[in-house]
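Working notes, structure below.
Residue numbers (this note's numbering), protein chains in the order written: chain A, 530 to 825; chain B, 30 to 488.
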């Protein structure tokens with residue numbers, strides 16, 4: 530298959546220093562090796578068209594002080610969350626109950642629950658516009674090795690207890706889909722409203738869908754590789770939440786504390802066949818299946 | 030010749046025939062298809078396989094998937110090269126997404142896949158979609174009520190979209206994006222009741238739109254540029270011999286860009302080196318043919334210098350974008366080096382021919398010659414910017430295009446794509462039941478551009 534040949538040539542040429550780009554196959558970027566010259570971050574969305582991906586856009590669903598990962602079964606026990614995707618997410622949600630729920634996502638077979646602490650402005654919740662979920666290989670990870678998340682996987686992105694700015698590769702604020710990423714919310718011009726980008730770990734231990742602290746079963750890849758303790762590469766989810774916030778005069782905080790504590794949660798209830806199809810068709814084969822448009 | 034020799038000849042011929050038809054072990058168990066290939070099989074839906082997806086999954090490169098009339102509630106993913114996927118009747122083979130499924134067909138990274146003679150409707154994203162494909166063809170396709178595009182090729186080259194119909198998409202009926210050179214032809218299509226009749230971001234180079242009709246959309250033909258995808262800017266789309274009229278439709282589904290472009294016939298936005306010739310363009314609230322900038326608020330890069338215009342996409346995908354700190358809040362993609370020649374443009378309420386920009390529009394190398402028209406913005410546009418010889422050196426500001434009011438005008442909001450008009454029956458492919466497989470390895474088909482005349486008004 531021409532694509533694998535191009536990958537092999539590109540890989541060899543990176544090592545041996547051949548001249549010119551792989552000449553066969555489509556003019557597009559193909560596997561990541563061919564675009565190794567351009568660095569990217571797990572929280573950087575664009576420009577798209579270089580990295581294989583599938584993308585789901587989900588409108589805001591509901592807000593509640595519920596958290597089925599951290600406070601399962603305890604309604605109202607958590608800080609206020611804004612939920613996207615699954616319309617039924619609540620403290621008692623299970624993977625099976627989510628699988629029976631509806632979704633605000635433009636991909637009807639994505640019944641996963643996505644949520645984040647509510648953004649507060651002068652103490653009042655800001656109703657988010659939408660969340661865009663980009664599913665891509667981890668940076669430098671061989672796309673052909675990525676496997677789908679297990680059904681019911683729970684993931685946390687970012688640190689709810691952060692007192693220092695988190696790494697920009699983990700959590701970043703920007704204006705619109707522009708490429709400037711900041712540690713705290715910038716002043717955004719009209720037409721480029723505030724956006725929070727949170728990346729999730731991309732290596733799974735292969736055994737547990739959750740862990741006592743809710744993070745130990747996942748890890749982040751390093752230099753394109755997953756460690757022995759978390760050997761299974763899964764898609765790296767980038768969740769980008771847009772808020773109708775522009776201009777100055779805002780007094781922003783998260784319901785979890787300062788804006789430094791921004792984080793996000795993911796509870797997998799994708800239809801398993803559809804998720805497998807997306808991972809195998811798009812990520813494993815290095816294909817760009819969706820492009821999130823800035824032109825809504 | 031002697032009888033002995035003739036007998037010898039017959040025996041020999043017989044032996045050769047037997048060998049060629051492969052009576053032994055590893056030859057394909059399928060018929061030698063009419064295409065001449067020994068290995069081309071025909072897979073029938075539903076007779077051999079109950080669903081289109083199952084047939085596509087079983088098919089091997091070169092095979093023909095033949096679909097009988099019926100409604101198929103499927104979203105079909107194609108990963109095999111060189112398939113021909115064909116409906117027996119264009120209007121009666123229907124893929125229906127029920128407004129819950131994403132794409133009718135998604136050809137993902139498979140080369141040479143041709144899809145023909147069927148309808149795809151009611152998908153939340155696209156009717157027919159090719160991505161990362163080298164070689165693609167859509168013929169005798171009908172796409173309507175699909176939430177992004179009707180017929181869509183992304184990051185793909187060597188394509189042919191012909192004799193097809195698309196309506197009821199908020200973005201565009203037909204779209205080819207992120208390729209240079211694209212080597213693709215759109216020929217003989219009808220696109221109506223969409224946001225945009227045609228759109229293409231960052232595409233061009235051997236990209237030809239001919240002999241087609243774009244009408245009753247918000248705007249007709251809108252190639253454009255932007256840095257939210259790669260391969261910018263859009264350049265060298267050739268638009269010849271099209272019928273573009275009455276693109277003022279206030280109730281179509283429409284994304285933001287379509288609302289912005291409403292009331293224009295052919296409107297390259299931030300495009301470079303496009304050639305617009307011998308089209309018939311009439312009845313538009315704003316411009317018939319307008320070369321305008323595209324202002325990008327959420328840019329990921331700045332426009333590359335003009336020296337980069339000839340660099341192919343396969344190279345520029347490896348260019349690192351500008352430092353975010355160096356990207357202005359508003360990036361302007363200018364109209365540069367476009368040629369507007371020999372068109373007949375009538376009945377445009379603002380201007381038949383228009384050229385506007387943020388910066389000094391006289392220095393951008395656009396030209397207009399030999400058109401039939403009444404009004405231009407600025408005035409005397411053909412004298413100011415002829416394609417041959419020197420411009421008059423006259424006043425570019427007299428009667429200039431008022432871009433600000435165009436871009437700030439409030440337009441009627443988007444209609445619901447799910448209830449956009451149902452199209453009438455469309456012309457089916459001849460010989461669908463008997464024509465051989467024809468993978469998209471011989472595309473695009475050559476067009477004699479010089480032979481194309483300005484089309485006549487429909488009666």
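All C-beta atoms in this analysis are idealised placements derived from N, C-alpha and C, irrespective of residue type, glycine included. Computed from a predicted structure; not experimentally measured.
- Per DSSP, reduced to three states, the secondary structure at residue 761 of chain A is strand.
- For residue 318 of chain B, the enclosing beta strand (DSSP E) covers residues 316 to 320.
- For the set A:655, A:768, A:601, A:771, the Cα lying nearest the Cα of residue 784 of chain A is the one of A:655.
- Assignment of residue 363 of chain B by DSSP, reduced to helix, strand and coil, places it in the coil class.
- Considering only beta carbons, the part of the region 708 to 720 of chain A lying closer than 8 Å to chain B consists of 708, 709, 710, 718, 720, in chain order.
- By alpha-carbon distance to residue 207 of chain B, the top candidate from B:291, B:264, B:180 is B:264.
- Excluding residues up to 5 positions away in sequence, 407 lie with their Cβ nearer than 6 Å to the Cβ of residue 429 of chain B in the same chain.
- Between residue 810 of chain A and chain B, the shortest Cβ-Cβ separation is below 9 Å.
- Spanning the alpha carbons of residue 738 of chain A and residue 662 of chain A requires a straight line of approximately 20 Å.
- Each of A:743, A:708, A:696 was checked against the Cα of residue 790 of chain A, and the nearest Cα belongs to A:696.
- Beta-bridge partners assigned by DSSP to residue 306 of chain B: B:269, B:370.
- Approximately 7 Å separates the beta-carbon atoms of residue 762 of chain A and residue 750 of chain A; this is inside 8 Å, confirming the contact.
- Contact between residue 283 of chain B and residue 443 of chain B is confirmed by a C-beta separation of about 4 Å, below the 8 Å threshold.
- With contacts defined by Cβ atoms closer than 9 Å, residue 306 of chain B and residue 117 of chain B do not form a contacting pair.
- Between the alpha carbons of residue 481 of chain B and residue 591 of chain A lies a gap of roughly 57 Å.
- Counting only the Cα atoms, residue 368 of chain B lies some 34 Å from residue 721 of chain A.
- Residue-level contact check: residue 271 of chain B does not touch chain A, since none of the beta carbons of chain A fall below 9 Å from its beta carbon.
- Taken atom to atom, the span from the alpha-carbon of residue 718 of chain A to that of residue 703 of chain A is near 11 Å.
- DSSP, read as helix, strand or coil, puts residue 455 of chain B in coil.
- By alpha-carbon distance to residue 301 of chain B, the top candidate from B:209, B:114, B:309, B:69 is B:209.
- The region 210 to 225 of chain B makes no contact with the region 319 to 326 of chain B; the number of CB pairs closer than 8 Å stays below 3.
- The beta carbon of residue 770 of chain A does not come within 9 Å of any beta carbon belonging to chain B, so the residue lies off that interface.
- Here the alpha carbons of residue 484 of chain B and residue 310 of chain B stand approximately 10 Å from one another.
- Fully contained in the region 380 to 431 of chain B are the following alpha helix (DSSP H) runs of length 4 or more, in chain order: 410 to 413.
- Per DSSP, residue 289 of chain B is one residue of the alpha helix (DSSP H) stretching across 285 to 290.
- When only Cα atoms are considered, residue 88 of chain B and residue 72 of chain B end up about 7 Å apart.
- Residue 293 of chain B has a beta carbon lying at 9 Å or more from every beta carbon in chain A.
- Contacts with chain A at 9 Å (Cβ-Cβ) include residue 326 of chain B.
- For residue 85 of chain B, the enclosing alpha helix (DSSP H) stretches over residues 81 to 87.
- About 7 Å separates the beta carbon of residue 276 of chain B from that of residue 293 of chain B, a gap short enough to meet the 8 Å contact definition.
- Here the C-alpha atom of residue 393 of chain B lies approximately 37 Å from the C-alpha atom of residue 157 of chain B.
- Nearest neighbour of residue 186 of chain B by Cα position, chosen from B:138, B:170, B:216, B:220, turns out to be B:138.
- Between residue 571 of chain A and residue 728 of chain A the beta-carbon gap is near 4 Å, inside 8 Å, which marks them as a contact.
- Non-local beta-carbon contacts of residue 594 of chain A in its own chain, meaning distances under 6 Å to residues more than five positions away in sequence, involve 605, 607, 609 in chain order.
- Neighbours of residue 816 of chain A across chain B, judged by C-beta separation under 8 Å: 137, 138, 160, 161.
- Counting only Cβ-Cβ distances below 9 Å, residue 579 of chain A has contacts in chain B at 259, 346, 347, in chain order.
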